[in-house]
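**Student:**
Numbering (the working numbering), first residue to last: 430 to 727.
1) Does residue 441 pass the burial test, meaning 16 or more other C-beta atoms within 10 Å, or should it be called exposed?
2) From residue 583 to residue 487, what distance separates their C-alpha atoms?
3) Which residues share a DSSP beta bridge with residue 460?
4) For residue 472, which residues of its own chain have a beta-carbon under 8 Å away from its beta-carbon, when the five flanking residues on both sides are left out?
5) Quick one: measure Cβ to Cβ for residue 680 and residue 690, integer angstroms, because I've assumed they're closer than 8 Å.
6) Using CA atoms only, rank isn't needed, just tell me which of 678, 614, 436 is closest to residue 643.
7) Are the Cβ atoms of residue 675 and residue 612 separated by less than 8 Å?
8) Throw me the rounded Cβ distance for the residue 609 and residue 650 pair, which I believe falls under 8 Å.
9) Going by beta carbon distance, what residues of the same chain come within less than 6 Å of residue 495, once the five residues before and after it are set aside?
10) Who are the Cβ neighbours of residue 727 in its own chain at under 6 Å, not counting the five residues just before and after it?
11) Rounding to the nearest angstrom, what Cα-Cα distance links residue 573 and residue 590 in this structure?
12) Which one or two residues does DSSP pair with residue 702 in a beta bridge?
13) Kindly indicate the opening and closing residues of the beta strand (DSSP E) around residue 675.
14) Is it the case that the Cβ atoms of residue 648 and residue 568 are separated by a distance below 8 Å?
15) Which class does residue 525 belong to by DSSP, given the choice of helix, strand or coil?
16) Leaving out the 5 sequence neighbours to the left and right, which residues in its chain are closer than 6 Å to residue 465 when beta-carbon positions are compared?
17) Can you tell which of 557, 606, 630 has its C-alpha closest to the C-alpha of residue 707?
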């Protein structure tokens, strides 16, 4: 990588499931070997968009179970920026002139790695100037594997998004929080008739809310400018109960120092933003970090 500044890369993840007889890791290897032999274009619902695998190659030719690196190419719209797909290079072109069929507009490149043992594909959503959406990647992958040939061989293949699961620890251990709204709005009426396992302290607190005939109870934590929240143990206890018996909305600064807003009410696709430094080789970084993600999600 050139330059001296670090940058971030955003990943998402999908489950790959084959519903057939005697499915094994080798079955998933065979699927991606088949995909590597047929690098077809996939037109998306928006007619000016298409996506394809530029290449699908094993990480280790002798140990295919280690995974496959997939280079994804996306093109959309009319522009003076084109990719010559025969020569594999970007070109400038006057759009008023004849456009060769092998020229594709607004080229964007993304990397993904499929791990057969974990049955996960981890894909870039944003890296440097290349950005795409989760919906585009999802539509591409689902359309790619839904062909008569693949269905005949593997019976049924499903690509499903992996969704984010926000826990109390995710919030309480976040060191860059700027805002937290924690709401308890599902206060148990009785603690004896339900199979509720609580500490004495939590039971006493929730019972006090029930005894007060409260429908909901909330706390808001907002930091001063340029500072981050420093949650006390009591704050963390309340957030933990709100995750269990209500919801939590929170804001925090990501590694690019931009504010991200999340909520336990909203089920969002899994994403992970990581920082890469100039001295790191991206190929090594990609394999190392996506493997960690695949293992953590399995």
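Backbone N, C-alpha and C fix where the C-beta goes; we use that ideal spot for every residue, glycine too.
**Tutor:** With the given structure in hand:
1) Counting from one through the chain shown, the residue named residue 441 turns up at place 12. Residue 441 comes out buried.
2) Locating residue 583 in the chain shown gives position 154, where the first residue counts as 1. Locating residue 487 in the chain shown gives position 58, where the first residue counts as 1. For residue 583 and residue 487, the distance between alpha carbons rounds to 20 Å.
3) For the purposes of this step, residue 460 is taken as the residue at position 31 of the chain shown. Answer is none; residue 460 lacks a bridge partner.
4) Stepping through the chain shown from its first residue, residue 472 is reached at position 43. 478, 479.
5) Walking along the chain shown from the start, residue 680 turns up at place 251. Walking along the chain shown from the start, residue 690 turns up at place 261. About 5 Å; that satisfies the 8 Å criterion.
6) Within the chain shown, the letter at position 214 stands for residue 643. Minimum Cα distance to residue 643 is reached at 614.
7) The residue labelled residue 675 in the question sits at position 246 within the chain shown. The residue labelled residue 612 in the question sits at position 183 within the chain shown. Contact: yes.
8) Against the chain shown, residue 609 aligns to sequence position 180. Against the chain shown, residue 650 aligns to sequence position 221. Rounded, the Cβ-Cβ distance is 4 Å, consistent with contact.
9) Numbered from 1 along the chain shown, position 66 holds the residue referred to as residue 495. Correct list, in chain order: 488, 489.
10) Counted from its first residue, the chain shown places residue 727 at position 298. So the qualifying residues of the chain are 547.
11) Position 144 of the chain shown holds residue 573. Position 161 of the chain shown holds residue 590. If I take the Cα positions, the gap works out to 15 Å.
12) Counting from 1 along the chain shown, the entry for residue 702 is found at position 273. Paired residues: 439.
13) Position 246 of the chain shown, counted from the start, is the residue given in the question as residue 675. 675-682 is the span of the beta strand (DSSP E), which, as asked, contains residue 675.
14) Within the chain shown, numbered from 1, the residue matching residue 648 stands at position 219. Within the chain shown, numbered from 1, the residue matching residue 568 stands at position 139. Going by C-beta atoms, residue 648 is not nearer than 8 Å to residue 568.
15) By 1-based counting over the chain shown, the position of residue 525 is 96. Any reading at residue 525 needs caution, since the residue's pLDDT is 48, under 50, leaving its predicted position unreliable; the model's value is listed next. Here residue 525 sits in coil by DSSP.
16) On the chain shown, position 36 is the one that residue 465 refers to. Excluding residues within five positions, the ones whose Cβ falls inside 6 Å are 485.
17) As a working mapping, residue 707 is identified with position 278 in the chain shown. Selected option, being the one with the closest Cα: 557.
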